[in-house]
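Novice: Below you will find the structure I want to go over with you.
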Amino acid sequence: MVNQQQGQYEIVKCVVVGDSGVGKTCLIRALACNAKYDLAELVKTHVATVWAIDHYQNDLEVLDRSWCDVDGVRVSLRLWDTFGYHDKQREFSYKGADVIVLCFSTVKPLSLKNVRRVWYPEIRRVMPTTPIILVGTRADLRYLYNDEKYLQTQKGLLYVYDYVYIFRPIEEKDLITPEIGRDVAKDIGAPYYESSVLSHHGIEDVFINACRAALIERRKLKFWHAQLRHVQRPLIQSPMRIPKPTIADVIIPPSTLNSDLLQLLHHQIEGDVIFTVQGTCIQAHKICLMLTCPIFEELFSLDILRQYPTGKKNRHSLRLSLLGTGNSSTDMDKLIESDTESVSTDGELSSQRMSGFENLLNIDNANGNFPVITSYNKKAIDTVELKYCDDPFKPSESYLQTVVTLNREITPRAFQVILEYLYTGMVKEVACINEIKRAAEIFEMTNLIIIISNLQKNESYLNKALEKEFHEKRQSKIHELALGLELLTDIRFKVDDGIVSAHKPLLMARCEMMQAMFSGDFRESVAEVVPFPGVSKYTFQALQEFLYTDEPPSMTGVDFIDLIGLTNQMCLPRLIRITENFIINELSKSEKNGEDIIEEVMSLLEPCQLHRANQLAKWCLMYLCCHYKDLHQKYHKLYKTLEKENIDYIEKHRWPPVW
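According to the working numbering, the sequence shown is numbered sequentially starting from 784.
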């Protein structure tokens, strides 16, 4: 911009015309007012507006911005906006025009048809010699029309079908390529430019070259003006830089570990320890308690308890759905009919969950060596017994069970809350707060005492750090005891290259497929070794680690495609997303290190589509689109082996686009 006071200058009147809604006013404001637009503003329903010419008289900043330097000539460019309706009279606007900018939308084919049918004849009828600049607006929509952010905010553009106006999204058939625009410009004898008010691409190109066209025409009449001699003809516009497509981050579903373990506790499936609390029986799972409580870790590590494996083996499962609605089976209902204690769900225990196993404690006198009573010197625990208990679902059968009798000071309601804490690390607002605190003191649970104190002071926000600490300690214990030492395992899987031991309760709680397999009428429900063909030991261990921790497993030695296939088979969407995210991060690191990963990406694409790893498949497709040139030159033969749908997608969305 220059000051108009410095020497000789030229004033150029530029009239902007075109169909309504093609973006004339936005184009003018982008130059005259340096207006910046975001996507949310541009997708609003169109409202017809005209930028008033009197801004040059009333707004000093607009007047100052009108000055520009065109090949050494100081020019004041005065822009005239017009209505786009065909029935409006525009002769007054055309009067004295030095150049006319004729606009159409690059996503509205009808607006380009009207260039030939309406606008060019009108201009030549009123201004037969005035130069014309043809401008394609909204050039950014050629690539934005498929962008997720745009699709979420757009309300559709106005299109005409059989003289009926409708709003609809932009389709591929609506796109007008630069070649088509140049052909029309050639037919009407005008230079061709494209613009985008969103990115400000082409704004100055349009109007600086419009000034050039006006000055060239003026030079014919004022050939003696020395300053006009060096004005160039309108220059060719450089292509619009299409931004590289961005790939959205992998969305990983939230963890469900705590809720799954809580369901396991409440439904009492595959329990291997029974607690008697003031005469009430509660069944639980040794492995879950060992991971989070030092007292139980020490107790269940006693040689006498590890010498005799306990639990419900060699029988059909409880037939109680872990993920059901909470309705008990007929057999379970029979078990609890005799129980008279009923406690509500807001911190109190239902009779089903608290007393459902009282009838299990019938000692089978036929088993001569049992019951075995062992001593354990802790205040919280009175006695520990190994005894045979009746199977509530098969009264004629019994199984060896660990029965722990707790201190009489501990109430059933308090112990249930303690169990929920040991399974999840959290304590809900409960009524029997003093009972729980006393039980926590007896069990020497320092963190639980602090959590309860915070609840009493209405400072529950302080418990977040303690919950995080609990989670970290549990994860460490899972790797040490459950995965490392394989303590208390009760099922084994025979994979292609070895045996993997696991814990049936944890598998059933965390995986619906495992739950169905071990609780249904399948032979795996009573088998001690379950064959799992087609899976390597490392792959199954990665699956097991995820099921136990709900966190990204170790990927050492894991075949990613095999893991994705196994994960899809087990219906574990969170693990699929975690694996997808890990693979994308590893590929991105390799690319940053200068490695060529195109071949590896192609090898991943179709297996990911097969196993429903949709986000990784989408990432692979977008990566191949963004590296189309290298893909076509270096891996043409491999590229042609892809499915036709994938090839068509890559050809259609290649970057930069063919136009």
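We put the CB at the ideal spot given by N, CA and C, even for glycine.
Owing to the predicted nature of the structure, the values given are computational and were not obtained by experimental measurement.
Looking at the structure shown, is E1434 part of a helix, part of a strand, or coil, going by DSSP?
Specialist: Helix.
Novice: Just mark S1042 as buried or exposed, buried being the case when its beta carbon has 16 or more other beta carbons within 10 Å.
Specialist: S1042 should be labelled exposed.
Novice: Determine the extent of the alpha helix (DSSP H) in which G1348 is found, giving its start and end residues.
Specialist: Run containing G1348: F1343 to Q1352, per the alpha helix (DSSP H) assignment.
Novice: Among Y1331, G1348, F1343 and A1325, which residue has its Cα nearest to the Cα of S1337?
Specialist: Cα-wise, what sits closest to S1337 is A1325.
Novice: Just list the beta strand (DSSP E) runs in the segment 928-1009, keeping only unbroken ones of 3 residues or longer that don't cross its boundaries, in chain order.
Specialist: Counting whole runs of 3 or more residues, the segment 928-1009 contains the beta strand (DSSP E) stretches 940-944, 947-951 and 975-977.
Novice: Thinking just about the alpha-carbon of each residue, which of S1038, R1002, C851 and L860 is nearest to the one in T1207?
Specialist: Of the listed residues, the one whose Cα sits closest to T1207 is S1038.
Novice: Indicate whether Y928 and V890 have their beta-carbon atoms separated by less than 8 Å.
Specialist: A contact, by the Cβ cut-off of 8 Å.
Novice: Since S849 contacts V798 with CB under 8 Å, what's their CB separation in whole angstroms?
Specialist: Not really, about 15 Å apart at Cβ, beyond 8 Å.
Novice: What number of angstroms, rounded off, separates the C-alpha of V1187 from the C-alpha of T1166?
Specialist: Roughly 6 Å separates the two Cα atoms.
Novice: Going along the chain, which residues of its own chain have a beta-carbon closer than 7 Å to the beta-carbon of S1373, five neighbours each way excluded?
Specialist: For S1373, where only same-chain residues beyond five positions count, the Cβ hits under 7 Å are I1380.
Novice: With a threshold of 16 other CB atoms inside 10 Å of the CB of R1012, please say whether the residue is buried or exposed.
Specialist: With fewer than 16 other Cβ atoms within 10 Å, it is exposed.
Novice: Under the rule that 16 or more other beta-carbon atoms within 10 Å means buried, what is D1431, buried or exposed?
Specialist: Its Cβ having fewer than 16 others within 10 Å, D1431 is exposed.
Novice: Rounded to the nearest angstrom, how far is the Cβ of L1289 from that of Y1331, given a contact under 8 Å?
Specialist: Sure, about 6 Å apart at Cβ, within 8 Å.
Novice: By how many angstroms is the C-alpha of S1181 removed from the C-alpha of D1055?
Specialist: Taking the straight line from one Cα to the other gives about 13 Å.
Novice: Which same chain residues end up closer than 7 Å to R1016 when comparing Cβ atoms and leaving out the 5 residues on each side of it in sequence?
Specialist: Result list for R1016: R995 and I999, in chain order.
Novice: Where do the N-terminal and C-terminal ends of the alpha helix (DSSP H) with F866 fall, by residue?
Specialist: Run containing F866: none; DSSP gives neither H nor E here.
Novice: Where do the ends of the beta strand (DSSP E) carrying S768 lie?
Specialist: Since the first and last residues shown for the chain are 784 and 1442, residue 768 lies out of range.
Novice: Just to confirm the assignment: which complete alpha helix (DSSP H) runs, minimum length 4, are found wholly within the segment 1194-1234?
Specialist: Within the segment 1194-1234, the complete alpha helix (DSSP H) runs of at least 4 residues are 1195-1207 and 1216-1225.
Novice: CA-CA distance, E955 and R908?
Specialist: Using only the alpha carbons, I get a separation of about 35 Å.
Novice: Compare the C-alpha of A968 against each of P1316, P1440 and R899 and name the closest.
Specialist: Considering only alpha carbons, the answer is R899.
Novice: Using C-beta distances below 8 Å, list every residue in its chain close to V1384, excluding the 5 sequence neighbours before and after it, in chain order.
Specialist: L1370, C1403, Y1406 and L1407.
Novice: Assuming D1279 and P1316 make a contact with CB atoms under 8 Å, what is their CB distance in whole Å?
Specialist: Yes, D1279 and P1316 are in contact; Cβ-Cβ is about 7 Å, under 8 Å.
Novice: Please work out which residues of its chain come closer than 6 Å, Cβ to Cβ, to G1107, disregarding the five sequence neighbours upstream and downstream, and give them in chain order.
Specialist: Any answer about G1107 is weak, because its pLDDT of 38 lies below 50 and its placement is not dependable; what the coordinates show is given next. Excluding sequence neighbours, G1107 sits near nothing in its chain.
Novice: Output yes or no for whether 8 Å exceeds the beta carbon distance between L1355 and C1409.
Specialist: In this structure, C1409 does not lie closer than 8 Å to L1355 by Cβ.
Novice: Cα-Cα, which of T865, V830 and A997 is closest to V856?
Specialist: Closest by alpha carbon: A997.
Novice: Indicate the three-state DSSP secondary structure (helix, strand or coil) for Y1159 in the structure shown.
Specialist: Residue state, collapsed to three classes: coil.
Novice: In chain order, what residues of the same chain have a beta carbon less than 6 Å from the beta carbon of Q1387, not counting five sequence neighbours either side?
Specialist: The question names Gln, but residue 1387 is Leu in the sequence shown. Only C1403 meet the Cβ criterion.
Novice: Any idea what DSSP makes of E1426, helix, strand or coil?
Specialist: Note: E1426 maps to coil in three-state DSSP.
Novice: Please check the pair A831 and S803, which I expect to be a contact at CB under 8 Å, by giving their CB distance rounded to whole angstroms.
Specialist: About 6 Å; that satisfies the 8 Å criterion.
Novice: Which two residues bound the contiguous beta strand (DSSP E) that contains C816?
Specialist: Taken as a continuous stretch (DSSP letters only), C816 belongs to no beta strand (DSSP E), as it is neither H nor E.
Novice: Could you pull the DSSP bridge partners for Y1182 from this structure?
Specialist: Partner(s): C1172.
Novice: Using the three-state DSSP reduction, which class does C1071 fall into: helix, strand or coil?
Specialist: Here C1071 sits in helix by DSSP.
Novice: Would you call the CB atoms of I1347 and I1359 closer than 8 Å?
Specialist: For I1347 and I1359, yes; Cβs fall inside 8 Å.
Novice: So is Q1298 buried or exposed if we call it buried at 16+ other beta carbons inside 10 Å?
Specialist: Looking at its Cβ environment, which holds 16 or more other Cβ atoms inside 10 Å, Q1298 is buried.
Novice: With DSSP collapsed to three states, give me the class of D1116.
Specialist: Because D1116 carries a pLDDT of 38, less than 50, the predicted location of this residue cannot be relied on, and the following value inherits that uncertainty. Looking at D1116 - three-state DSSP - the assignment turns out to be helix.
Novice: From V884, I991, Y1171 and Q1199, pick the residue whose C-alpha is nearest to that of V1014; which is it?
Specialist: Ranking V884, I991, Y1171 and Q1199 by Cα distance to V1014 puts I991 first.
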